[in-house]
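J.: As given, the protein sequences belong to chains A and B, one line each in that order. The first sequence lines up with residues 100 to 218 when you count with the working numbering. The second sequence lines up with residues 95 to 207 when you count with the working numbering.
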Amino acid sequence: AQKVTQAQTEISVVEKEDVTLDCVYETRDTTYYLFWYKQPPSGELVFLIRRNSFDEQNEISGRYSWNFQKSTSSFNFTITASQVVDSAVYFCALSEGGAGGTSYGKLTFGQGTILTVHP
Amino acid sequence: NAGVTQTPKFQVLKTGQSMTLQCAQDMNHEYMSWYRQDPGMGLRLIHYSVGAGITDQGEVPNGYNVSRSTTEDFPLRLLSAAPSQTSVYFCASSQDLNTGELFFGEGSRLTVL
Numbered sequence: 100a101q102k103v104t105q106a107q108t109e110i111s112v113v114e115k116e117d118v119t120l121d122c123v124y125e126t127r128d129t130t131y132y133l134f135w136y137k138q139p140p141s142g143e144l145v146f147l148i149r150r151n152s153f154d155e156q157n158e159i160s161g162r163y164s165w166n167f168q169k170s171t172s173s174f175n176f177t178i179t180a181s182q183v184v185d186s187a188v189y190f191c192a193l194s195e196g197g198a199g200g201t202s203y204g205k206l207t208f209g210q211g212t213i214l215t216v217h218p
Numbered sequence: 095n096a097g098v099t100q101t102p103k104f105q106v107l108k109t110g111q112s113m114t115l116q117c118a119q120d121m122n123h124e125y126m127s128w129y130r131q132d133p134g135m136g137l138r139l140i141h142y143s144v145g146a147g148i149t150d151q152g153e154v155p156n157g158y159n160v161s162r163s164t165t166e167d168f169p170l171r172l173l174s175a176a177p178s179q180t181s182v183y184f185c186a187s188s189q190d191l192n193t194g195e196l197f198f199g200e201g202s203r204l205t206v207l
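(1) Could you tell me the distance, in whole angstroms, from the CA atom of residue 103 of chain A to the CA atom of residue 163 of chain A?
(2) So, is the C-beta of residue 104 of chain B closer than 8 Å to a C-beta in chain A?
(3) To the nearest angstrom, how far is it from the Cα of residue 100 of chain B to the Cα of residue 181 of chain B?
(4) DSSP state of residue 179 of chain A, grouped into three classes?
(5) Leaving out five residues before and five after residue 166 of chain A in sequence, what residues of the same chain have Cβ atoms less than 6 Å from its Cβ?
(6) What residues in the region 149-179 of chain A have a beta carbon less than 9 Å from any beta carbon of chain B?
(7) For a test of the three-state rule: what should DSSP assign to residue 114 of chain B, helix, strand or coil?
(8) Just by C-beta distance, which residues in the region 125-139 of chain B are closer than 7 Å to chain A?
(9) How many Å lie between residue 124 of chain B and residue 125 of chain A at the Cα?
(10) What are the uninterrupted segments assigned as beta strand (DSSP E) that are 3 or more residues long and contained completely in the region 135-180 of chain B, given in chain order?
(11) Assign residue 217 of chain A to buried or exposed, taking buried as 16 or more other Cβ atoms, counted over all protein chains shown, within 10 Å of its Cβ.
(12) Do you know offhand how far residue 151 of chain B's Cα is from residue 163 of chain B's?
(13) At a Cβ cut of 8 Å, what residues of the region 162-192 of chain B count as close to chain A, listed as they run along the chain?
(14) Closest to residue 121 of chain B by C-alpha separation, out of B:188, B:201, B:203 and B:161, would be which residue?
(15) Looking at the secondary structure, which residues open and close the beta strand (DSSP E) in which residue 151 of chain A lies?
(16) Spell out whether any CB of chain B is found under 8 Å from the CB atom of residue 210 of chain A.
(17) Determine whether the beta carbon atoms of residue 193 of chain A and residue 206 of chain A lie at a separation below 8 Å.
(18) Which chain B residues sit within Cβ distance under 8 Å of residue 205 of chain A?
(19) From what residue to what residue does the beta strand (DSSP E) around residue 125 of chain A run?
(20) Could you tell me the alpha carbon to alpha carbon distance between residue 176 of chain B and residue 117 of chain A, rounded to whole angstroms?
(21) Strictly by DSSP, which residues pair up with residue 205 of chain A?
(22) Give the secondary structure of residue 137 of chain A by DSSP, where H, G and I count as helix, E and B as strand, and everything else as coil.
(23) Kindly say whether residue 144 of chain A, judged by its beta-carbon, lies nearer than 8 Å to any beta-carbon of chain B.
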């Protein structure tokens, strides 16, 4: 069975600090997809990134970067120079690939990390 | 762009009452799913559908029914509400996640007294 663990329940930082959110996953599939979603105080779920298991390249998008390491089953998320608007709950999620690599949108979510950025 | 639309956004029920959470998407996605969000537990899959006429159970299906008569709609039914079903419910849709993302509705907050 697949599992996602976000060991950090809450993180508190001061604006402009860098912060890394950890995500460790378990799966027996060789084809799978990893995601990060942001849930701001308004409650909606905002898609941040998707990564498939065959692409271990790290990715950077503005102040956001992701480090995918299959050797340690981790998909960590770093926010550089954090801002108050980054305050949210962040979820890491995993979806196993079905036949032919198709994924049916069945995500297993971690427990979420509450990030608070203080001015 | 409507995306995934859920109604109602808020609902209060008494134990034993029934209700239906509505979900509609206008992106012609084959895959639709329902999740519930509880504090400290992330989101958990209730039921999902891979196309019209096809549904299956997720991680926490007990107490919930679904049907998928059209591609667009995927209602979630609570036949006899219990306080343990107090939660925030999210409907989501996707095409193949190899090429796309899972799109979520805005959520429905349900309280069962």
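Each residue gets a CB set at the ideal place from its N, CA and C atoms; glycine is no exception.
T.: Based on what the coordinates show:
(1) 21 Å
(2) no
(3) 15 Å
(4) coil
(5) 157 and 175
(6) 149 and 151
(7) strand
(8) 125, 127, 134, 135, 136, 137 and 139
(9) 27 Å
(10) 137-145, 148-151, 158-160 and 170-172
(11) exposed
(12) 17 Å
(13) 182, 184, 186, 187, 188, 190, 191 and 192
(14) B:188
(15) 145-151
(16) yes
(17) yes
(18) 127, 139, 142 and 152
(19) 123-125
(20) 43 Å
(21) None, per the DSSP bridge assignment.
(22) strand
(23) yes
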